[in-house]
Amino acid sequence: MLSNGGQALLKNGLRGVFMLAALGVTLASGPATAAQSGAKKAKICNETQMLGEGRASWYGPGFHGRKTANGEVFNMNAMTAAHKTLPLGTYLSVENAETGESQVVRINDRGPYIKGRVIDLSKQAAINIGLEEQGVGKVIIRRCL
11 MLSNGGQALL
21 KNGLRGVFML
31 AALGVTLASG
41 PATAAQSGAK
51 KAKICNETQM
61 LGEGRASWYG
71 PGFHGRKTAN
81 GEVFNMNAMT
91 AAHKTLPLGT
101 YLSVENAETG
111 ESQVVRINDR
121 GPYIKGRVID
131 LSKQAAINIG
141 LEEQGVGKVI
151 IRRCL
C-alpha cells in the first residue's frame, strides 16, 4: 500500500506521462493542414494553353460580400476573376505583360462590362501582379490544363 506521499507522486507522475503522450501526438501530427486552418491551397498551373492578350482591370470594395455569378460570395482578397464567356470554375494564369508577374485565378463571376477589357481581377489578384495602382493593364491569359 502506498503512503499519501507515494500516491501523490504516482498521480503526478501519471499526469506527466499523459501530458507527454499528448504532446507527442500533437508534434507527430505536424502543423495544421490547410483544411483544418480554413486556408485554401494555391492552385499552380503546370501546363497551360494560350488564350490571348488584353486589358485587365480589378474590382473589390464595392462588390465585396455580394453574390457572384456562380452563387458564392465575392471576396476581394481571394484569387478570383470575372470573364464574359469562359466557364465558371475555369482556372487561368494571368500575367502582367509589363512585369512578367503572374497569378492563377478562378473564374467565378461575369464581366468586365467596360469596352476594351477582357478580365476583371479580384483586388488581391491585381495586387499580386502589380496592377492595383494603375487600375488597368495589359495581361497575357493562359488556361490552366
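One gets the working numbering by counting positions in the sequence shown from 1 and adding 10 to each. For glycine and all other residues, C-beta sits at the position ideal for the given N, C-alpha and C.
Asked, Found
"Residue ranges of each alpha helix (DSSP H) within the segment 98 to 142, 4 or longer", "133 to 138"
"Backbone secondary structure at ALA66 - three-state DSSP", "strand"
"6 Å Cβ shell around LEU20 - same chain, five flanking residues per side excluded", "Because LEU20 sits at a pLDDT of 43, beneath the cut-off of 50, its placement in the model cannot be relied upon, and the following sentence gives the value as read from the coordinates. So the list is empty, once near-sequence residues are dropped."
"Residues near ARG116 in its chain [Cβ-Cβ closer than 6 Å; skip 5 each side]", "THR90, TYR101"
"Rounded straight-line distance, which links the Cα of GLU57 to that of ILE129", "21 Å"
"Alpha-carbon to alpha-carbon, HIS74 and ASN85", "5 Å"
"Cβ neighbour criterion (16 or more within 10 Å) applied to LEU155", "exposed"
"Limits of the unbroken beta strand (DSSP E) element including ALA92", "90 to 92"
"Limits of the beta strand (DSSP E) - the one that ARG153 falls within", "146 to 154"
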